[in-house]
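Peer 1: The structure that follows is given in the form of structure tokens.
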Ligand code: SAM
């Protein structure tokens, strides 16, 4: 076993029970095509590989590549030594792809944001994340943790926290608690790509000043009058607005 690299968020799963619980949390059929992000030494891959015919692994750490290549049959398992944040996902994500990963926690939200535009080619995502990130993803309006991450992921996916995961199942133990989440793509909620891009920029703008009233954060973009017309209180804070409110704003600016 190589030394774990902290900068790559390497906390490897070593507990068979939790690995089985994860793999048994979804139905798998032989023809499913999987992408695993950050396979490490293949703890999850090993349990998955016998059930399927194809899996693509994207791992940044070049020292892990020979370990993965030796462990798995190259006819079934394609190992790509790349940074998931830098690689062109349009070459990797095929129709109806299932994505799984015990993600490097330091970049997990960036990975999720990178996957959003590919939601129509994804069957589902199953991720282990820092518990606090899972809680933010599933949060609803009116809570302190509801924000851009909740709105953007819930605009594209139905999200469900499945269970908490103890730090004891990882080597080395992370200092934070973990949780396991499922994200299943929704049908496309936007009117057009133009609307989708507006939505993204309005949500980003609204949450750059979380403590400010929505009429102040969006000043110059939408008037208080128009917010009123959309049944949105101009004095409300960005974290109290629903996804539908942001959809309405982005349709009208
Ligand atoms: N899946 C393994 C397991 O559960 O034992 C390892 C999970 S570990 C939390 C995260 C893995 O992601 C590590 O193997 C790390 O090298 C890899 N990783 C870190 N940053 C990455 C990136 N930008 N692109 C791809 N893989 C990355």
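Residue numbers (this note's numbering): 3 to 255.
Positions of the beta carbon are idealized from the N, C-alpha and C atoms, including for glycine.
May I ask whether a heavy atom of the ligand SAM can be found less than 7 angstroms away from the beta carbon of residue 144?
Peer 2: no
Peer 1: Mind checking who residue 209 pairs with in its DSSP beta bridge?
Peer 2: BP columns for residue 209 are empty, so no partner.
Peer 1: Could you name the residues of the same chain whose beta carbon sits closer than 8 angstroms to that of residue 91, not counting the 5 residues immediately before and after it, in chain order?
Peer 2: 116, 117, 120
Peer 1: In or out: residue 240 buried (at least 16 other Cβ within 10 Å) or exposed?
Peer 2: buried
Peer 1: What is the rounded straight-line gap between the Cα of residue 17 and the Cα of residue 178?
Peer 2: 17 angstroms
Peer 1: How about residue 79 and residue 111: do their beta carbons lie closer than 8 angstroms?
Peer 2: no
Peer 1: Hey, how far is the Cα of residue 86 from the Cα of residue 250?
Peer 2: 33 angstroms
Peer 1: Going along the chain, which unbroken runs of the alpha helix (DSSP H) with 4 or more residues stay wholly within the stretch 91-177?
Peer 2: 110-117, 133-140, 150-158
Peer 1: Just checking my contact of residue 82 with residue 54 at CB under 8 angstroms: how many whole Å lie between their CB atoms?
Peer 2: With a Cβ gap of about 17 angstroms, residue 82 and residue 54 do not count as contacting.
Peer 1: Would you report the Cα separation of residue 73 and residue 7, rounded to the nearest angstrom?
Peer 2: 20 angstroms
Peer 1: Give the C-beta separation of residue 42 and residue 66 to the nearest angstrom, bearing in mind that I take them to be a contact with Cβ-Cβ under 8 angstroms.
Peer 2: Sure, about 6 angstroms apart at Cβ, within 8 angstroms.
Peer 1: Do residue 243 and residue 223 have their C-beta atoms closer together than 8 angstroms?
Peer 2: In this structure, residue 223 does not lie closer than 8 angstroms to residue 243 by Cβ.
Peer 1: Determine the contact status of residue 105 and residue 40, defining contact as a CB-CB distance below 8 angstroms.
Peer 2: yes
Peer 1: Distance, Cα to Cα, residue 128 vs residue 157?
Peer 2: 17 angstroms
Peer 1: Rounded to whole angstroms, what is the Cα-Cα separation between residue 254 and residue 197?
Peer 2: Approximately 9 angstroms between the Cα atoms of the pair.
Peer 1: Check this for me: beta carbons of residue 183 and residue 164, under 8 angstroms apart or not?
Peer 2: Remark: C-beta atoms of residue 183 and residue 164 approach each other more closely than 8 angstroms.
Peer 1: Please name the residue, chosen from 34, 212, 166, that lies closest to residue 145 on a Cα-to-Cα basis.
Peer 2: Just measuring C-alpha positions, the residue of 34, 212, 166 sitting nearest residue 145 is 212.
Peer 1: Looking at residue 63 and the ligand SAM, is the gap between the Cβ and the nearest heavy atom below 7 angstroms?
Peer 2: yes
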